[in-house]
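Undergrad: Before we start, here is the structure in question, set down as structure tokens.
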Amino acid sequence: MMYDVKGNLKQVLGNLPQGVRLVAISKYHPNEYIEAAYEEGQRIFGESHEQELRLKHETLPNDIQWHFIGHLQTNKVKYIAPYVTMIEAVDSLKLLKEIDKQAAKCERVIDVLLELHIAEEETKYGLTPDACRQLLADGEWRLLSHVRICGLMMMASYVEDMEQIRSEFRQAKTLFYELKDAYFADKDYFCERSWGMSHDYPLAIEEDSTMVRVGTTIFGPRVY
Ligand SMILES: *Cc1c(COP(=O)(O)O)cnc(C)c1O
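Its first residue numbered 514, the sequence shown is counted upward by one per residue in this note's numbering.
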């Protein structure tokens with residue numbers, strides 16, 4: 514029995530204020546689930562594995578905007594560079610440079626977000642706030658003309674404590690505005706704050722998210 518994708522999607526969309534977009538996280542879910550959401554008008558989907566994304570990109574409508582949300586190895590960039598809409602989890606200058614190189618080959622400019630690590634969990638990827646400041650202060654990114662840094666992405670700790678989650682979103686928000694002022698004040702495209710998942714997206718919205726990444730609430734539990 515198929516999960517009520519359409520009903521769940523409508524419910525989530527109904528909770529989003531103007532200015533907040535939904536990235537429907539479809540990793541590990543079959544095409545028919547994505548098609549159901551697509552029929553309801555959803556166009557932005559997020560995937561975290563290159564091969565799975567490639568298969569879906571090849572078989573699903575080509576006006577879908579694919580966001581790559583997982584940890585991306587540099588040797589995989591070339592496979593998604595021709596078609597990906599946004600790479601959300603850039604956590605090193607090395608990766609940023611490889612995206613720039615592959616985007617140039619495709620004669621594209623690829624939108625990216627810098628992934629912050631604020632959560633307490635040790636295993637998560639991402640730049641600490643200081644590493645993020647360092648990357649931008651270093652300045653080499655300015656030479657990369659085929660990537661556009663559009664904002665920040667982060668995952669809060671997976672905990673029950675809502676105040677902790679809120680505090681992590683707030684740190685991300687504060688850093689966003691600091692970096693906006695320092696490096697992107699005149700760049701309208703630096704405007705994205707990608708935070709909020711199934712269990713915490715209402716809180717993320719209260720803390721200025723512009724892009725929530727919701728999977729389970731729409732598509733049900735993932736079968737790995
Ligand atoms: C899987 C994933 C999500 C979606 O998580 P849900 O709890 O299913 O909503 C969001 N962001 C990232 C980076 C993910 O890997």
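By construction, the Cβ of each residue, glycine as well, lies at the ideal position given by its N, Cα and C atoms.
Could you check where the beta strand (DSSP E) with M667 kicks off and where it finishes?
TA: Looking up residue 667 in the sequence shown gives position 154. Segment 660 to 667, the beta strand (DSSP E) holding M667.
Undergrad: Near D713, what residues of its chain come up, given a Cβ to Cβ distance below 7 Å and the 5 sequence neighbours on each side ignored?
TA: Stepping through the sequence shown from its first residue, residue 713 is reached at position 200. Taken in chain order, the residues that qualify are A669, I678.
Undergrad: So the beta strand (DSSP E) L656 belongs to, where does it begin and stop?
TA: Along the sequence shown, one-based indexing puts residue 656 at 143. Note, L656: premise wrong, no beta strand (DSSP E); not H, not E.
Undergrad: Among P543, A616, T641, G559, which has the Cα closest to the Cα of R661?
TA: The residue labelled residue 661 in the question sits at position 148 within the sequence shown. When each option's Cα is compared against that of R661, the closest is A616.
Undergrad: What is the residue span of the beta strand (DSSP E) that L629 lies within?
TA: Working through the sequence shown from its first residue, we reach residue 629 at position 116. Element bounds for L629: 623 to 629.
Undergrad: Going along the chain, which residues of its own chain have a beta-carbon closer than 8 Å to the beta-carbon of T723, five neighbours each way excluded?
TA: In the sequence shown, the residue the question calls residue 723 occupies position 210. Cβ within range, chain order: G532, V533, R534, G664, C704, E705, R706, S707.
Undergrad: Helix, strand or coil: which one does DSSP assign to E635?
TA: Against the sequence shown, residue 635 aligns to sequence position 122. Looking at E635 - three-state DSSP - the assignment turns out to be coil, as it is neither helix nor strand.
Undergrad: Taking E560 as part of the beta strand (DSSP E), name the residues at either end of that continuous run.
TA: Along the sequence shown, one-based indexing puts residue 560 at 47. It spans 557 to 560 - the beta strand (DSSP E) in which E560 sits, taken as one unbroken run.
Undergrad: Going by DSSP, name the residue or residues bridged to A650.
TA: Counted from its first residue, the sequence shown places residue 650 at position 137. None; A650 has no bridge partner.
Undergrad: How long is the line joining the alpha carbons of E633 and T641, rounded to whole angstroms?
TA: Position 120 of the sequence shown holds residue 633. Position 128 of the sequence shown holds residue 641. Answer to the nearest angstrom: the Cα atoms are 11 Å apart.
Undergrad: Would you call M514 buried or exposed, if buried means 16 or more other Cβ atoms sit within 10 Å of its Cβ?
TA: Within the sequence shown, numbered from 1, the residue matching residue 514 stands at position 1. Note that M514 scores 45 on pLDDT, short of 50, meaning its location in the model is unreliable; the coordinates nonetheless yield the value given after this. Exposed.
Undergrad: Judging by CA-CA distance, which residue of S539, T587, I593 is the nearest neighbour of G728?
TA: The residue given as residue 728 occupies position 215 in the sequence shown. Ranking S539, T587, I593 by Cα distance to G728 puts S539 first.
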